[in-house]
Every structure is written in structure tokens, then in C-alpha cells.
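S.K.: Below you will find the structure I want to go over with you.
2 protein chains.
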Amino acid sequence: MGYFRENIERLQGYVPGYQPGDADVVKINTNENPYPPSPKVLEAIRGFSPEFLRKYPQPLADSFREAACKVLGVGSGNIICTNGGDDLLTICFRAFCDEGRTVAYPIETYSLYEVLAELQNCKAVEIPFGNDNWIDDLVKAKSALTIICNPNAPTSTRVETDVIGELADKLSGVLLIDEAYVDFAEDNCLRLVEKYDNVIILRSMSKGYSLAGLRFGFGIANAELIAGLMKVKDSYNVDAIAIAAATAAIKDQKYFKSNVAKVKSERERLKTELEKLGLEVGKSETNFLLAKYSESGTLYEKLAERGIYVRFWNTSSLSDKLRITVGTKEDNDKLVTTLKEILS
Amino acid sequence: MGYFRENIERLQGYVPGYQPGDADVVKINTNENPYPPSPKVLEAIRGFSPEFLRKYPQPLADSFREAACKVLGVGSGNIICTNGGDDLLTICFRAFCDEGRTVAYPIETYSLYEVLAELQNCKAVEIPFGNDNWIDDLVKAKSALTIICNPNAPTSTRVETDVIGELADKLSGVLLIDEAYVDFAEDNCLRLVEKYDNVIILRSMSKGYSLAGLRFGFGIANAELIAGLMKVKDSYNVDAIAIAAATAAIKDQKYFKSNVAKVKSERERLKTELEKLGLEVGKSETNFLLAKYSESGTLYEKLAERGIYVRFWNTSSLSDKLRITVGTKEDNDKLVTTLKEILS
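Just so you know, the protein sequences line up as chains Z and D, in that order. Just so we're aligned: 213 in the numbering used here is position 231 of the first sequence, and the numbers increase by one with no gaps anywhere. Just so we're aligned: 103 in the numbering used here is position 121 of the second sequence, and the numbers increase by one with no gaps anywhere.
Structure below.
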């Protein structure tokens, strides 16, 4: 017997996008918001009392739950706060899945789902999004947990809420709707929580609220599901400063909305520019674009050589595409100018 | 089939110590350090750049690892940083244990171990510390993971490093030495990491460094074990501010040592005072005391009524004891004065 479980020995592990230390690069590879968080966040951090450093934080992050309730129109018993959205994903796998209880999700999607399935040693049923019957195929999988990333990464597209509702209705297990990118979308699935007792919505403060560095996400579901998930989370899974900062961020809806509007406007401008250069770019309801170009691998390398980092996966369905985070106007202009040089 | 796994349905969940919102109480129930963290921590937090809020943090918390290496004299490949010590415990259960791979630990001890075993659906072999053959009993359990909390909570006692080394040598699985309280002890087990390839040391910034609110812990082990644990942790499990603050804290060894010395000095004074009142108090190598008193449950309630919160567990071996965190001089004086009133 080795020290590690066999599924862990086998595992490659999730590889996060490259985080260059150099500030002088254009970093549009991990879907961070190009703009800083609300000034209220900085105020909360700078005014933070050392008394709350030495003490354990609120186990359930009540300050944040209270503020989020008002914004979302749900009860505090409907919210679980987590150490980034990834923590909620991990909690759900540990709560619902094991060797006898599978997970199902449409692909291509966030590659962490597959890693978490291997970690939990549960079978992953992967249904190609393109299938005509993808909804029925997900239902037929009879999984304990079904995940749909919506809007989806890396495709940037969104499935209509009614269709997701139909899926929730047909499933016998839990439906986790990963809405990490929903702040940039035209609709969301929050209203399904009231209607279906098996729906969990995942939200993140990393993208729309510019707080990827802070690790703060949350789940929204009926109170019974939330109570079960609370048993699985670490006792103090979010820290005191993150609670204070995330609370300040979600309270400042005016800043949030203007930040999101700026990203969406740049997204549409960048899409047009990339299309002019001959790249095929799908509609995006996220803060990134998926651009199709036959020689994507080479293009990725040439951009990296010039200090511009985008995301490239060398897999059968993605090797002809690049995922490009919407940057600042300056980032996007530099990308377009550099692409022009490379492609000419 | 219910939504949750059966082991999760059954689970009561870990109950953290009471966190009163009122600042006007004496809170000596969850082993927090009574003194604030190093002023360098506040500097790091107040000077934190918003640029590092919008970006993802260092996946491996390299700044902290670099600083910790210098203090501990190990390589950065020997350190994994975690969202509090609890995160490392969770990672170890997920890495080593499952239905076919047990965990073993001496009891009474940190009650989270049992909860994590239930969450991972692995059998827990619990060996009473009092047993003459507790070491052999742990070895005979042939567990994939053996945990020893050292110094132990809630008993405040420590097993000698040589004895732990003997245990590591005999075990076929991994030995996790939970040193969350070791900053207040007379010796530690760090030197066992070089000698035994199955030893993982858990350390916490919550106690000696006064950073319970920040959630920062770390593990030290040989590079191969660390690499395996890295595959299990969440990609970005510690946040950017926590990394900056914990790095500042561990760099300020002068402040740390003076803080720990103050706690130890108060601990000995409080022990003497409690003994004068007729409580039986064991030797402590932690920042808390375990005090024996026949009517502990009643005493706990009377103290709480007077705004003094200590920890009480109504279990067979602990119902005649109170666990009392060493507070400030003022906290400890108030406890002693109040006890005098109650007991007279």
C-alpha cells in the first residue's frame, strides 16, 4: 500500500493558468477583471481592526450573508460562503459524490470538474454540449450531482434559464449551476432556487467584483441543501478580511454595475477587432472571448514571446482556439496591434 | 437515493466554540492569542495594493514559503500552505483515507478528526492516550493516516519527540503531527521530517502569531509527500492578503518570541491562581489550561452568566474539566476574581 490513495497517485492535478510575476506583461489568460475593486473594499481593508485578526472569523460569514441577501432577495439561510467558488465545488463533490454516486456535466467546460471527480474517486459522465440530446443524456446519467457551467467556460455561451429549469425538473439528483461568469450575462438562474429544491447556484466575487485575490464565492440554494453543505465545509473557511472586503464589494452595487458595463463594452469592441483580423469569435456572455484560428498553438506562443498571455489548451476540441480575457482598453489595443503584426 | 451521501446525512457536523459578538466579554474559549499580531502585519495589510486583489493569488503562496524556509531551515519544496491548519487536515484525509483506508489517533483530542473521518467515510481507530500500549495500538491499527495532536488539545500535554519518532518508524502509513500549539511548547518534531519520509508536520499561524482571523496554516514534509498533497488542495487555497500578512508575521521573529513569552508567563501565573482555588490543573505546553473540577458543567454556566466564556464538553472523560485559554492579564484576573466569588 502506497501512502496515497490510488486515485490520488494517478492524478495529474489541476494546472492553473500561468501567473507571470512581471507586471510589465499583458495578462489576459485567467479571466481576471482588468479594473480594480470598489474603493469601499480598500477602505474596509485599510480600516480593518487588528482585534479581528487575532480572533477566529465568523464561521458562517454572517456580515456577507446579510448584505448578499438584500442584493439577491433571498434569506440568509439560503447562502453558504466559500473560499472562492472552487471551495463550493469541492464541498459539493464531497457532499454528493463517491465511488457509487456519479457526477455528470456537459463538455467542453471548466477542467477542474474532472480533477475533482478523480479526487473524490467518482465516475464522471461527460456529455458533449453539441449533442442534440444533451439534456436527456444528462438526465439518463442519473448522477448524484450534475454541473452546468453557465455561462460556460471556455465557450463563453449561455443556456437559457428555462432550459436549465427543465433540466432541474427532470434530474433525480442535485443540479449545481456554476454562475462564476454570470455578472457579464443577459440573464441568470437565481429564480430557479425557489422553484426547485435540487438547485444550487454558484457565484463568485472574483470576476464581476474584481476580487480574485481574495478567494470569496458563495452558494445559493434552499435552506435544507445549504444546511447539509455547511456540515461539509471547513469550520472557518473564509477569513475575516475577506468577509469584510467582500461585504463592502457587494454593498457597492453602483460601482459593480459600472465596472461590469465597462468590461462588456470592451468585450464587444474587442470581438469586432478580432473578427476584422479573420478570427472567428462566438457570442460571449462572460468576460472573455473564445477565438477560433487554425494555427492557435503557434499564435499562442508568438503572443507569449511578445509578453501577451492568453489561454490555450492542446485538446482535440480546443486546439484551434484561444481563450482571451477582456482586458483594459490598453491591453486590448496592444493585443490587436500585436496580432496584426504577427498575422500580416 | 437522497441528495446527500449517507455519511453526510448521518453527520452532526463540527461545532466551533461560541463566538460572542459582544466585545465586552472575556472570551477565553477558543484558544485565540490575547495579544494583537506584529505591527508589521498591519503595515502589510494597510499597504496592500488593489492590483493584487483583482488578480489571482500565488497558487503555492511562494512569498510565505520563502520566508518560512529561512525560519525553519527547510526547502520551499517541503512546505504546503493551507487555509488554516484545518485545510491541511482535510487535504490529508482526502489524500490518504477512504472506505478501505482507516485513520487512527489517540483520544481525547481535537474533535475535528472524528468529523473529518465521517466526512471521508473512513473508519476511525481511536486509542485512549491512557493505555500503556497506545503506541503499539496505533501501529497495530495499520492505518493509512495516523494523527497525533502534539501538544494535544484539550489536554495541553506533549509527547516527547523521541517517542513520536519511534511511532513514525513503526508505522506503515503516514504520521501527521498536528503542532498547532507547538509555539508554546518546550520542543517540537520538525527534525523528524528529515529522518522519516512518512511524517507531516502541521503548523498554524492562528495561535503563536495571533492570526486566527486570517486562516493560514502550513504543512512540512518531504518533497514527495508535499507534491502529492499539492494535487489535492484547491488551486488558490490561500488568499493574497493572507499570504502577505502571514509572510510579514513569520518574518518578525522578535515580536513572535516576545508574544509567546508573555502568554507562557501568564499561563504559569494563571495555573498557580487556579490551583489556589482548588482546581486541579495539569502541566501545559499550549496557550490554554485544562482544569479539573467536579462540578465543571455548573461552573461553566455560572461563568457564562457573568460574561466569561471558557470551553466545556459534556463527554465522559471531559465533563469534570474546563478548558481555559490563557487571556491577557486583565482577562485572567477577572476570571480568578469571578471564580473566587462563585466558589466561595
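Cβ atoms here follow ideal geometry from the backbone N, Cα and C, with glycine treated the same way.
May I ask which residues mark the beginning and end of the alpha helix (DSSP H) holding R87 of chain Z?
M.R.: By one-based count along the first sequence, residue 87 of chain Z stands at place 105. For the record, residue 87 of chain Z in the displayed sequence is Tyr; it is not Arg. Premise fails: Y87 of chain Z lies in the beta strand (DSSP E), 85 to 89, not in any alpha helix (DSSP H).
S.K.: Got a sec: is the Cβ-Cβ distance from N15 of chain D to anything in chain Z below 7 Å?
M.R.: Stepping through the second sequence from its first residue, residue 15 of chain D is reached at position 33. N15 of chain D has a beta carbon lying within less than 7 Å of a beta carbon in chain Z.
S.K.: For a minimum of 4 consecutive residues, which ranges assigned as the alpha helix (DSSP H) are wholly contained in the segment 133 to 211 of chain Z?
M.R.: 143 to 152, 174 to 177
S.K.: State yes or no: is the beta carbon of Y282 of chain Z nearer than 7 Å to at least one beta carbon in chain D?
M.R.: As a position in the first sequence, residue 282 of chain Z is number 300, starting the count at 1. False, the Cβ-Cβ gap to chain D never drops below 7 Å.
S.K.: Taking the straight line between their C-alpha atoms, what separation do you get for G264 of chain Z and I10 of chain Z?
M.R.: For the purposes of this step, residue 264 of chain Z is identified with residue 282 of the first sequence, where counting begins at 1. For the purposes of this step, residue 10 of chain Z is identified with residue 28 of the first sequence, where counting begins at 1. About 18 Å.
S.K.: Tell whether a beta-carbon distance below 7 Å holds between I202 of chain Z and F46 of chain Z.
M.R.: For the purposes of this step, residue 202 of chain Z is identified with residue 220 of the first sequence, where counting begins at 1. For the purposes of this step, residue 46 of chain Z is identified with residue 64 of the first sequence, where counting begins at 1. No; because the gap between Cβ atoms is not below 7 Å, this pair is not in contact.
S.K.: Would you call A243 of chain Z buried or exposed, if buried means 16 or more other Cβ atoms sit within 10 Å of its Cβ?
M.R.: Taking the first sequence and counting its residues from 1, one reaches residue 243 of chain Z at position 261. In this structure A243 of chain Z is exposed. Its beta-carbon is surrounded by fewer than 16 other beta-carbon atoms within 10 angstroms.
S.K.: In this structure, what does DSSP give as the bridge partners for K303 of chain Z?
M.R.: Numbered from 1 along the first sequence, position 321 holds the residue referred to as residue 303 of chain Z. The partner list for K303 of chain Z (beta bridge, DSSP) reads Z:K274.
S.K.: For a contact meaning CB atoms closer than 8 Å, what does F238 of chain D contact in chain Z?
M.R.: Against the second sequence, residue 238 of chain D aligns to sequence position 256. Neighbours of F238 of chain D on chain Z: none; closest Cβ ~13 Å, over 8 Å.
S.K.: CB K37 of chain D to CB G195 of chain Z, shorter than 7 Å?
M.R.: Start at 1 with the first residue of the second sequence, and residue 37 of chain D comes out as number 55. Start at 1 with the first residue of the first sequence, and residue 195 of chain Z comes out as number 213. Contact: yes.
S.K.: Can you name the residues of chain D whose CB is closer than 9 Å to the CB of G190 of chain Z?
M.R.: For the purposes of this step, residue 190 of chain Z is identified with residue 208 of the first sequence, where counting begins at 1. Chain-order list of chain D residues neighbouring G190 of chain Z: empty, with the shortest C-beta distance near 11 Å, by a criterion of under 9 Å.
S.K.: What are the uninterrupted segments assigned as beta strand (DSSP E) that are 3 or more residues long and contained completely in the segment 51 to 95 of chain Z, given in chain order?
M.R.: 61 to 64, 85 to 89
S.K.: Going by Cα to Cα distance, which pick from D:S188, D:L211, D:N241 is closest to D221 of chain Z?
M.R.: The count along the first sequence starts at 1 and reaches residue 221 of chain Z at position 239. Ranking D:S188, D:L211, D:N241 by Cα distance to D221 of chain Z puts D:S188 first.
S.K.: Count the other CB atoms within 10 Å of the CB of N170 of chain Z; is the residue buried (16 or more) or exposed (fewer)?
M.R.: In the first sequence, counting from the first residue as 1, residue 170 of chain Z sits at position 188. Buried, because 16 or more other Cβ atoms sit within 10 Å of the Cβ of N170 of chain Z.
S.K.: To which residues of the same chain is V97 of chain D closer than 6 Å at the C-beta, ignoring the five residues directly before and after it?
M.R.: Locating residue 97 of chain D in the second sequence gives position 115, where the first residue counts as 1. Exclusion of the five residues before and after V97 of chain D leaves Y(-4) as the residues of its chain whose Cβ lies within less than 6 Å of its Cβ.
S.K.: Could you name the residues of the segment 200 to 229 of chain Z whose beta carbon sits closer than 8 Å to any beta carbon of chain D, in the order they occur along the chain?
M.R.: L207, G210, M212, K213, V214, D216, S217, Y218, N219, V220, D221, A222, I223, A224, A227
S.K.: Comparing the C-beta of Y163 of chain D with each C-beta of chain Z, is any distance below 7 Å?
M.R.: The count along the second sequence starts at 1 and reaches residue 163 of chain D at position 181. Chain Z contact via Cβ: absent.
S.K.: From this set, Z:K303, Z:F(-14), Z:T268, Z:A86, which residue's C-alpha is nearest Y275 of chain Z's C-alpha?
M.R.: As a position in the first sequence, residue 275 of chain Z is number 293, starting the count at 1. Per the Cα distances, Z:K303.
S.K.: What first and last residue would you give for the beta strand (DSSP E) that runs through T128 of chain Z?
M.R.: To locate residue 128 of chain Z, count along the first sequence from 1; it is residue 146. Start and end: 127 to 131.
S.K.: From D118 of chain D to P(-2) of chain Z, what does the alpha carbon distance come to, in whole angstroms?
M.R.: Stepping through the second sequence from its first residue, residue 118 of chain D is reached at position 136. Stepping through the first sequence from its first residue, residue -2 of chain Z is reached at position 16. Distance between D118 of chain D and P(-2) of chain Z, taken at the CA atoms: about 43 Å.
S.K.: From the DSSP secondary-structure annotation, give me the bridge partner or partners of V263 of chain D.
M.R.: Along the second sequence, one-based indexing puts residue 263 of chain D at 281. Within the DSSP secondary-structure output, V263 of chain D pairs in a beta bridge with D:A273.
S.K.: Report the residue from Z:E283, Z:A150, Z:P19 whose alpha carbon sits nearest the alpha carbon of Y178 of chain Z.
M.R.: The sequence position of residue 178 of chain Z within the first sequence is 196, counting from 1. Ranking Z:E283, Z:A150, Z:P19 by Cα distance to Y178 of chain Z puts Z:A150 first.
S.K.: Report yes if the CB atom of I27 of chain Z is closer than 7 Å to the CB atom of L211 of chain Z, and no otherwise.
M.R.: For this step, residue 27 of chain Z is matched to residue 45 along the first sequence. For this step, residue 211 of chain Z is matched to residue 229 along the first sequence. For I27 of chain Z and L211 of chain Z, no; Cβs fall outside 7 Å.
S.K.: What does DSSP give as the partner residues of R293 of chain D in its beta bridges?
M.R.: Stepping through the second sequence from its first residue, residue 293 of chain D is reached at position 311. Its beta-bridge partners are D:R305.
S.K.: Once you ignore the five residues that flank Y0 of chain Z on each side, which residues in its own chain have a CB closer than 7 Å to its CB?
M.R.: To locate residue 0 of chain Z, count along the first sequence from 1; it is residue 18. Within the same chain, Y0 of chain Z has close Cβ partners N11, Y291.
S.K.: When you compare the CB of L158 of chain Z with every CB in chain D, is at least one pair closer than 7 Å?
M.R.: Locating residue 158 of chain Z in the first sequence gives position 176, counting from the first residue. Against chain D, the CB of L158 of chain Z has no partner CB under 7 Å away; the residue lies outside that interface.
S.K.: Can you list the residues of chain Z that N180 of chain D reaches, using a CB-CB cut of under 8 Å?
M.R.: As a working mapping, residue 180 of chain D is identified with position 198 in the second sequence. Those are Y(-15), listed as they occur along chain Z.
S.K.: Spell out the partners DSSP gives C9 of chain Z in its beta bridges.
M.R.: Taking the first residue of the first sequence as 1, we reach residue 9 of chain Z at position 27. Looking at the sequence itself, residue 9 of chain Z is Lys, so the reference to Cys does not match. Bridge partners of K9 of chain Z: Z:Y291.
S.K.: Show which residues of chain Z have a CB atom less than 8 Å away from the CB atom of Q235 of chain D.
M.R.: As a working mapping, residue 235 of chain D is identified with position 253 in the second sequence. Simply none; closest approach about 18 Å.
S.K.: By DSSP, does A327 of chain Z sit in helix, in strand, or in coil?
M.R.: Because residue 327 of chain Z is not part of the residues shown, which for chain Z are -17 to 326, the question remains open.
S.K.: Taking the straight line between their C-alpha atoms, what separation do you get for P21 of chain Z and E25 of chain D?
M.R.: Counting from one through the first sequence, the residue named residue 21 of chain Z turns up at place 39. Counting from one through the second sequence, the residue named residue 25 of chain D turns up at place 43. Distance between the alpha carbons of P21 of chain Z and E25 of chain D: 19 Å.
S.K.: Can you give me, in chain order, the residues of the segment -14 to -1 of chain D that have a beta carbon less than 7 Å from any beta carbon in chain Z?
M.R.: Near chain Z, meaning a CB-to-CB distance below 7 Å, the residues of the segment -14 to -1 of chain D are F(-14), R(-13), I(-10), L(-7), G(-5), Y(-4), P(-2).
S.K.: Put G279 of chain Z into one of helix, strand or coil per three-state DSSP.
M.R.: Start at 1 with the first residue of the first sequence, and residue 279 of chain Z comes out as number 297. Three-state DSSP puts G279 of chain Z in a helix.
S.K.: Once you ignore the five residues that flank C63 of chain D on each side, which residues in its own chain have a CB closer than 6 Å to its CB?
M.R.: As a first step, residue 63 of chain D must be located in the second sequence, where it is residue number 81. Around C63 of chain D: A43, F46, F200, V220.
S.K.: My assumption, with CB atoms under 8 Å, is that V308 of chain Z sits in contact with L259 of chain Z. Please give the rounded CB distance.
M.R.: Within the first sequence, numbered from 1, the residue matching residue 308 of chain Z stands at position 326. Within the first sequence, numbered from 1, the residue matching residue 259 of chain Z stands at position 277. The pair is not a contact, with the Cβ atoms about 16 Å apart (cut-off 8 Å).
S.K.: Check this for me: beta carbons of A50 of chain Z and I232 of chain Z, under 7 Å apart or not?
M.R.: On the first sequence, residue 50 of chain Z is found 68 positions in, with the first residue counted as 1. On the first sequence, residue 232 of chain Z is found 250 positions in, with the first residue counted as 1. In this structure, I232 of chain Z lies closer than 7 Å to A50 of chain Z by Cβ.
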